[in-house]
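S.K.: Let me begin by handing over the structure; questions about it come next.
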Amino acid sequence: MAPPVREPPAVEQGAHAVANVLGPRQETPIEAIRDMCLPPKAREYLDGPLGDLGLEIWPGIIRVSEGVERHYSVIGKDEQQRIVLHIKSWILDGPNELKFMALTSLPSAFEEGTRLFILSQGLDIIPSRAYRRMILEQWPRRQRVMTTFVPWVDIKSLQGTRAQQDLKEILELEVTQPAPSESSADDITSEEIQRLVKIVSGWPDFLEPNGRSVAAFLAGLREVLSGFDYTGGRRVFAGKLIMRLLQYGEVEDGQHTLGMLLHYLRGLEDMPRNDKEFMDGVIRKYRLMPR
Numbered sequence: 005m006a007p008p009v010r011e012p013p014a015v016e017q018g019a020h021a022v023a024n025v026l027g028p029r030q031e032t033p034i035e036a037i038r039d040m041c042l043p044p045k046a047r048e049y050l051d052g053p054l055g056d057l058g059l060e061i062w063p064g065i066i067r068v069s070e071g072v073e074r075h076y077s078v079i080g081k082d083e084q085q086r087i088v089l090h091i092k093s094w095i096l097d098g099p100n101e102l103k104f105m106a107l108t109s110l111p112s113a114f115e116e117g118t119r120l121f122i123l124s125q126g127l128d129i130i131p132s133r134a135y136r137r138m139i140l141e142q143w144p145r146r147q148r149v150m151t152t153f154v155p156w157v158d159i160k161s162l163q164g165t166r167a168q169q170d171l172k173e174i175l176e177l178e179v180t181q182p183a184p185s186e187s188s189a190d191d192i193t194s195e196e197i198q199r200l201v202k203i204v205s206g207w208p209d210f211l212e213p214n215g216r217s218v219a220a221f222l223a224g225l226r227e228v229l230s231g232f233d234y235t236g237g238r239r240v241f242a243g244k245l246i247m248r249l250l251q252y253g254e255v256e257d258g259q260h261t262l263g264m265l266l267h268y269l270r271g272l273e274d275m276p277r278n279d280k281e282f283m284d285g286v287i288r289k290y291r292l293m294p295r
C-alpha cells in the first residue's frame, strides 16, 4: 500500500510568503497535485489526433491515504496506456518548502516501474533547476518511476498532416493508424451534412449574396455554380449549396466540388479549430480531394 501523503504545515505568515506558496485559486501545492488531469487547452490540441489514431483519454485515480486521492489522465487503448500528469506551472516555477514537499511525495503513489509523462500548460522546460533534477533524475533513481517531460510547444504543434505521427513519437506509442475509409461522397451522413450546414451558415462571408458569390469564386467554384441562386436565409442557402456540390460531384482533376469548398473554408485563419478538424476528417473519410 502506498504510504500516506503528509499534509503541509500551516503556511507561514506574511503576504510575500503566502503569495509564494498558494496558487491562483488559493490552493496549496499538496492540494494542487490532487488534480493532475489534462486541462481543457491540452484536450483541445490532443482530441483530434487521438481520435484519428483510435485512442482515448480517460481519468485515472489513485488513493494515497484515507480520504486523499490523486486524479490524472490516461491516454491509450487496450494494452497501450500512458499515464499523463499535468502539474500546474506555478508549482514548477521556483523552489519552496511546500512545493518541494508536494513534488517529493508525488511519485510514491505509483508502482515501481511506472512510466509518467509530465506536462505543464505554457512551459517548454521545467524552469526550476532543482525541480528539473528532482523529476527527471531523482524520481527515476530513488522512486523507481520513469519520467518524461513533454514541452508545451510539442502539444501546441499537434496539427496538420503530421499530428498523428508526432503524437505517437511524443508518447512513444506503437499504433497503427486506422486505414482510410473507402467511402465516397455518396456515403456522407445526414449528421455530417447538418454539421457542414451549421459551419457554412455561421461563417460571416456567407451572410449576404455578394459575400457568398465572392467566397465561391475564391474556392474555385465559379463555373460549377454558374446560375446558382445565392439568395435566401443563411441555413437555406448553406443547405442548397452543399446539396448542389454533392450532386455535381468531381471536376476534371479529381477534386470533388464539396472538397474544394471545405478546403477553402478550413484554410481561413479565423475558422475555429474544431470546425477545421471536422472538415479535414470529412475530406479524408470521403476522399474529396486528391492525395
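Numbering (this note's numbering), first residue to last: 5 to 295.
Cβ coordinates follow ideal geometry from the N, Cα and C atoms, glycine included.
What is the residue span of the beta strand (DSSP E) that L89 lies within?
M.R.: 84–90
S.K.: Note down the Cα distance separating G98 from Q125, rounded to an integer number of angstroms.
M.R.: 16 Å
S.K.: Which residues in the same chain as E227 place their Cβ atom closer than 6 Å to its Cβ, once the five residues preceding and following it in sequence are excluded?
M.R.: none
S.K.: Where does the unbroken alpha helix (DSSP H) through G44 begin, and where does it stop?
M.R.: Checking the sequence, you will find Pro at residue 44 rather than Gly. First-last of the alpha helix (DSSP H) with P44: 44–56.
S.K.: Cβ of L89 within 7 Å of Cβ of M40?
M.R.: yes
S.K.: Rounded to the nearest angstrom, what separates I87 and S205 at their Cα positions?
M.R.: Separation of I87 and S205 (C-alpha to C-alpha, rounded to the nearest whole angstrom) is 41 Å.
S.K.: Where do the N-terminal and C-terminal ends of the beta strand (DSSP E) with S132 fall, by residue?
M.R.: Here S132 belongs to no beta strand (DSSP E), and DSSP marks it neither H nor E.
S.K.: Once the 5 residues before and after L1 are set aside, which same chain residues still bring their CB inside 8 Å of it?
M.R.: Here the chain comprises residues numbered 5 to 295, so residue 1 is not present and cannot be evaluated.
S.K.: Enumerate in chain order the residues of its own chain whose CB-to-CB distance from I65 is below 6 Å, with the five nearest sequence positions on each side excluded.
M.R.: Around I65: E73, H75.
S.K.: For the beta strand (DSSP E) that contains Q143, what are its first and last residues?
M.R.: Here the sequence assigns Trp to residue 143, which means Gln is not the residue at that position. Here W143 belongs to no beta strand (DSSP E), and DSSP marks it neither H nor E.
S.K.: Is the beta carbon of A220 less than 7 Å from the beta carbon of L229?
M.R.: yes
S.K.: Taking all protein chains shown into account, do 16 or more other C-beta atoms lie within 10 angstroms of the C-beta of S194, making it buried, or fewer, making it exposed?
M.R.: exposed
S.K.: Residues in its own chain within less than 8 Å of L140 by CB, not counting five upstream and five downstream?
M.R.: I130, T151, F153
S.K.: Could you tell me the boundaries of the alpha helix (DSSP H) in which W94 lies?
M.R.: Membership of W94 in the alpha helix (DSSP H) is indicated by the continuous run 93–96.
S.K.: Is the segment 286–293 in contact with the segment 256–274, if contact means three or more CB pairs nearer than 8 Å?
M.R.: Three or more Cβ pairs drawn from the segment 286–293 and the segment 256–274 lie within less than 8 Å of each other, which places the two stretches in contact.
S.K.: Output yes or no for whether 7 Å exceeds the beta carbon distance between K103 and P33.
M.R.: yes
S.K.: Mapping the DSSP letters down to three states, classify L120 as helix, strand or coil.
M.R.: strand
S.K.: State the CB to CB distance for the pair E48 and R277, rounded to an integer number of angstroms; the pair is presumed to be in contact (CB under 8 Å).
M.R.: 7 Å
S.K.: Can you check which of these residues, L249, M275, F282, is closest to P208 by C-alpha distance?
M.R.: Closest option to P208, Cα to Cα, is M275.
S.K.: Does the separation of the CB atoms of T118 and V149 fall below 7 Å?
M.R.: yes
S.K.: Do I174 and L110 come within 7 Å of each other at the CB atom, strictly closer than that value?
M.R.: no
S.K.: Contact defined as beta carbons within less than 8 Å: I believe D279 pairs with I203. What is the distance between those atoms, to the nearest angstrom?
M.R.: 5 Å
S.K.: On a Cα-Cα basis, can you pick out the residue from K244, G237, R239 that is closest to G231?
M.R.: Nearest option by C-alpha distance: K244.
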